[in-house]
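>
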Amino acid sequence: MAYQFDFAFIPDYAGMFAHGLAYTVGLTVAGGAIGIGIGIGGAISRLWNLRPFGNLYRYYVELFRNTPFLVQLFLIFFGLPSLGIKLVEWQAAILAMVLNLGAYSTEIIRAGLQATPPGQIEAAESLALTRWQTFLYVMLRPALRKVWPALSSQVVITMLGSSVCSQISAEELTFVANFIQSRNFRAFETYFFTTAMYFGLALLIRQAMRLIGRHLIVRRPLS
Amino acid sequence: MLNRFLRSLTLVSTVVLATLAPSAHADVLANVTKSGTIKIAVPQDFPPFGSVGADMKPSGYDIDFANLIGKELGAKVELVPVSSANRVPFLTTGKVDLVVSSMGKNAEREKVIDFSAAYAPFFNGIFGPDEIKASKADELAGRTISVTRGSVEDLELSKIAPPSAVIKRFEDNNATITAYLSGQTQLIATGNVVAAAVNERSKLRRLSTKFLIKDSPCFVGLAKGEAALQAKVNEIIAKAKKSGALNEISQRWLHATLPAGL
Amino acid sequence: MISFSLWDIVRNLAIGGALTLLLSLVAFVLGGAAGLLVLFARIGKWRVPRAMAQMHIELFQGTPLLLQLFTLFFGLSLFGLDMPAWLAAALGLTLFTSAFLAEIWRGCVEAVPKGQWEASACLAMSYGEQMRHVILPQAMRLAVAPTVGFAVQVVKGTAVTSIIGFAELTKTGSMIANATFQPFLVYSLVALAYFVLCYPLSHYAQSLERKLHAAR
Chain E
1 MAYQFDFAFI PDYAGMFAHG LAYTVGLTVA GGAIGIGIGI GGAISRLWNL RPFGNLYRYY
61 VELFRNTPFL VQLFLIFFGL PSLGIKLVEW QAAILAMVLN LGAYSTEIIR AGLQATPPGQ
121 IEAAESLALT RWQTFLYVML RPALRKVWPA LSSQVVITML GSSVCSQISA EELTFVANFI
181 QSRNFRAFET YFFTTAMYFG LALLIRQAMR LIGRHLIVRR PLS
Chain A
1 MLNRFLRSLT LVSTVVLATL APSAHADVLA NVTKSGTIKI AVPQDFPPFG SVGADMKPSG
61 YDIDFANLIG KELGAKVELV PVSSANRVPF LTTGKVDLVV SSMGKNAERE KVIDFSAAYA
121 PFFNGIFGPD EIKASKADEL AGRTISVTRG SVEDLELSKI APPSAVIKRF EDNNATITAY
181 LSGQTQLIAT GNVVAAAVNE RSKLRRLSTK FLIKDSPCFV GLAKGEAALQ AKVNEIIAKA
241 KKSGALNEIS QRWLHATLPA GL
Chain R
1 MISFSLWDIV RNLAIGGALT LLLSLVAFVL GGAAGLLVLF ARIGKWRVPR AMAQMHIELF
61 QGTPLLLQLF TLFFGLSLFG LDMPAWLAAA LGLTLFTSAF LAEIWRGCVE AVPKGQWEAS
121 ACLAMSYGEQ MRHVILPQAM RLAVAPTVGF AVQVVKGTAV TSIIGFAELT KTGSMIANAT
181 FQPFLVYSLV ALAYFVLCYP LSHYAQSLER KLHAAR
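Protein chains in written order, with the UniProt record's numbering: chain E, 1 to 223; chain A, 1 to 262; chain R, 1 to 216.
Right under this line is the structure:
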């Protein structure tokens, strides 16, 4: 009996796919926004070696960049309860996304900040900008502009990586695929279709990041 | 529009497949006899049916029975550890010849695979700590319950649970059990003997019976249309029931005699 | 019944860790070789291979590794191919690695200043000679640090293969977590093992990068 492909069931599950898609987008937006925020804080602390944050950030960054996301997720969801910290699956998933993206964006943004030409800072000082203004307009904004493509890629990578959140029962897109597959056993068709959805989503997120970058960062400061 | 697209996708992929797939589906029993080995899917995260010891080798009711089948067929058994969620795909995609993985029978599964006669008893139900009262499905309202995705428990619970019950579905029994023991869910839906086996090993959080959902004995799963293999497996099961070999396995792992009606 | 000592846990995790290491090596070496082919197709002159290489890169960079593995593992079996978990894991990671490495290396080739192309063209070098004697040696110098850095992603990527049942470090960990009921301890050890594998690599990549910047 040869296998017969059948994609006709997919419209029946449109609602579930939409739910999974929304969940994945939610994870990505929360992870992206808070993660980049953490990244900015981390980059500042690391660059100016603010005690004790500078060192704490260093350990945090190394720890999260050198262990798999799946293991972080398992540790947070299955491990932390034995220390009395109980997070439900969506909280655990968001926390893992945030911490992961935070670690990567710390390093990315730090590289951007470090690349500020010293002359720019001197010029800003001679214009009597406050320290805060100098940081915001002369260092951070150009740095973010420079590393925005790298940050965007990292957000996409983290979004794709969020597919393993299905393993702690978070009902994102891959969970939906697995759920449908366990009901109708159309494994290949379901995974094929879901993979295509991720592909589309990755393109969309890339576009969205481009737009955000244009509005938030490239907009002329100090007008 | 989408429908039409999907229909043509189906058509195209079927045509592609027809040109690529091996012409005739071989007879599994003949293959097994010829090669002298049989690939059997067994659980590794589902005590007492199959779980790993300190040597990471699975052992349990299902493993013993799988080996019994191999012995009767005169074939070397290759045990393939599977999770509940992917047992059926393993069979439909030809990765294994048989599934001996405490699998229950239901209409959805019967559409894609065939079953043997029953070889092990299994009652699934809801388990949890003593302080939570739940004697029927309605009392699951507002509770969180962990269950393994795609298991009979999952399918049955999904039908009877009130809308406010939160069913957390996990990929494998490892995760389902760990989620309950670590307190991530208030209750767990699994088999009665599984609950007993977990209690035997862990003092973390007791599983006491809340209520049983369904009598769902275990069957050996086979790919569709393998009549010769099916007849042979049924013959082996009947023989093992009569000779007491199956009862012996039941005594060893379930600490109970095999129910007469099985 | 079953009892695990700490030694049992560590011993079994070490076996899983060895498989993780082996899988990483296979994926990295084969992925690197395949990545080179994709790279040459991508930067080459012929349109069809260039488009195919680009599709390959977009496809594997734009979809989750987990779903690539699922599709390989369950999908290819439908075509009558025997696809055990280890093979699906190795093949999936190889394809994944080749796409990322090809793209990283393309960036390095493009980072070689245009003047180098022009100068070598003035010396009447053919395309192949330009590549071999002028462009690639310089690109390779740039490529070492990000390539080592990506090796960390490969090692971490192997964790996902646990979900299709390949008994590497993470899978071994979740099996032991279930048998010992000590998820915190077990997953901490698993994380530590990955850290031990990955940290030296990322540290090395960073120091290479610093050296490269200092040299320029």
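Backbone N, C-alpha and C fix where the C-beta goes; we use that ideal spot for every residue, glycine too.
Bear in mind the structure is a predicted one, so any value in this text is a computation, not a measurement.
Taking only beta carbons into account, state which residues of the segment 176–209 of chain R come closer than 7 Å to chain E, listed in chain order.
Residues passing the 7 Å Cβ filter: A177, P183, F184, Y187, S188, V190, A191, Y194, F195, C198, Y199, S202.
> Under DSSP, the beta strand (DSSP E) around P49/R begins and ends at which residues?
P49/R -> not in any beta strand (DSSP E); alpha helix (DSSP H) instead, spanning 47–61.
> For R169/A, list the residues DSSP reports as bridge partners.
The partner list for R169/A (beta bridge, DSSP) reads V147/A.
> Please list the residues of the segment 79–95 of chain E that have a C-beta atom closer than 9 Å to any C-beta atom in chain R, keeping them in chain order.
The residues in question are G79, L80, P81, S82, L83.
> Is there a Cβ of chain E sitting closer than 7 Å to that of G62/R, yes or no?
For G62/R, the answer is yes, since a Cβ of chain E falls inside 7 Å of its Cβ.
> Taking the alpha carbon of A34/R as the point to measure from, which residue in A102/R, S3/R, F150/R has its own alpha carbon closest?
When only C-alpha atoms are compared, the closest one is A102/R.
> Going by C-alpha to C-alpha distance, which of M52/R, W105/R, S174/R, L21/R sits closest to I9/R?
Nearest of M52/R, W105/R, S174/R, L21/R to I9/R, Cα basis: S174/R.
> Output needed in chain order: residues of the segment 201–215 of chain E with a Cβ under 8 Å from some Cβ in chain R.
Those would be A202, L203, in chain order.
> Verify the CB distance criterion: does T94/R have a CB-CB separation below 7 Å to chain E?
Not one chain E Cβ lies under 7 Å of T94/R.
> Determine, for A115/E, whether the minimum Cβ-Cβ distance to residues of chain R falls below 7 Å.
Not one chain R Cβ lies under 7 Å of A115/E.
> Shortest alpha-carbon distance to L151/E belongs to which of G79/E, F179/E, G37/E?
Closest option to L151/E, Cα to Cα, is G37/E.
> Looking at the strands, I want to know which residues DSSP matches up with A41/A.
V80/A, V99/A, per the DSSP bridge assignment.
> Using three-state DSSP, classify A177/E as helix, strand or coil.
DSSP places A177/E in helix when its eight states are reduced to three.
> Which stretch, first to last residue, makes up the alpha helix (DSSP H) that contains D8/R?
Counting along the chain, the alpha helix (DSSP H) containing D8/R begins and ends at 6–43.
> Look up K214/A in the DSSP assignment and give the residues it is bridged to.
Bridge partners of K214/A: N124/A.
> Please classify T130/E as buried or exposed, where buried requires at least 16 other C-beta atoms within 10 Å of its C-beta.
Counting Cβ neighbours within 10 Å, T130/E comes out exposed, since fewer than 16 surround it.
> In chain order, what residues of the same chain have a beta carbon less than 8 Å from the beta carbon of G161/E, not counting five sequence neighbours either side?
These residues qualify, in order along the chain: F69, N100.
> Consider the Cβ of S162/E: report whether some Cβ of chain A lies at a distance smaller than 7 Å.
It does not; no Cβ of chain A falls within 7 Å.
> Using a Cβ-Cβ cutoff of less than 7 Å, which residues in the same chain neighbour I205/E once the five nearest sequence positions on both sides are dropped?
Excluding positions up to five away in sequence, the list reads T28, V155, V156, M159.
> Compare the C-beta of S208/A against all C-beta atoms of chain E and say whether one is closer than 7 Å.
No, because no Cβ of chain E sits closer than 7 Å to the Cβ of S208/A.
> From F199/E, S126/E, C165/E, Q181/E, pick the residue whose C-alpha is nearest to that of Y23/E; which is it?
Comparing Cα positions, the closest option is C165/E.
> Which first and last residues belong to the beta strand (DSSP E) in which L29/A is found?
Taken as a continuous stretch (DSSP letters only), L29/A belongs to no beta strand (DSSP E), being part of the alpha helix (DSSP H) at 28–35.
> Just verifying my parser: in three-state terms, what is the DSSP assignment at S182/E?
S182/E falls in the helix class under three-state DSSP.
> Can you say whether H56/R is buried or exposed, counting buried as having 16 or more other CB atoms within 10 angstroms of its CB?
So H56/R counts as buried.
> What in chain E is Cβ-close to I163/R, meaning under 9 Å?
Simply L70, V164, S166, Q167.
> Determine the DSSP secondary structure at F77/E, reduced to helix, strand or coil.
In this structure, F77/E counts as helix in the three-state DSSP scheme.
> So what's D82/R in DSSP terms, helix, strand or just coil?
Three-state DSSP puts D82/R in coil, outside helix and strand.
> May I ask you to verify whether the segment 71–85 of chain E touches the segment 119–139 of chain E, counting CB pairs closer than 8 Å and requiring at least 3?
They do not touch, by the three-pair rule.
> By the criterion of Cβ-Cβ separation under 7 Å, what are the contact partners of R183/E in chain A?
By Cβ distance, chain A contributes E108.
> Whole angstroms are fine: how far does the CA of N86/A sit from the CA of E89/E?
So the alpha carbons of these two residues sit roughly 22 Å apart.
> Specify, as a first and last residue, the run of the beta strand (DSSP E) that S51/A falls within.
Here the beta strand (DSSP E) through S51/A covers 50–52.
> With burial defined as no fewer than 16 other Cβ atoms inside 10 Å of the residue's Cβ, what is the status of P163/A: buried or exposed?
It counts as exposed.
> Cα separation between D97/A and G150/A?
Computed Cα separation, rounded: 20 Å.
> Going along chain R in order, which residues have a C-beta closer than 7 Å to the C-beta of A8/E?
The contacting residues do not exist; A8/E stays about 17 Å from chain R at best.
> For the segment 174–200 of chain A, which residues have a beta carbon sitting closer than 8 Å to at least one beta carbon of chain E?
If the cut-off is 8 Å between Cβ atoms, the segment 174–200 of chain A has A175, T178, A179, S182, G183, Q184 near chain E.
> So what does DSSP say about T24/E, is it helix, strand or coil?
The answer is helix: DSSP assigns T24/E an H, G or I state.
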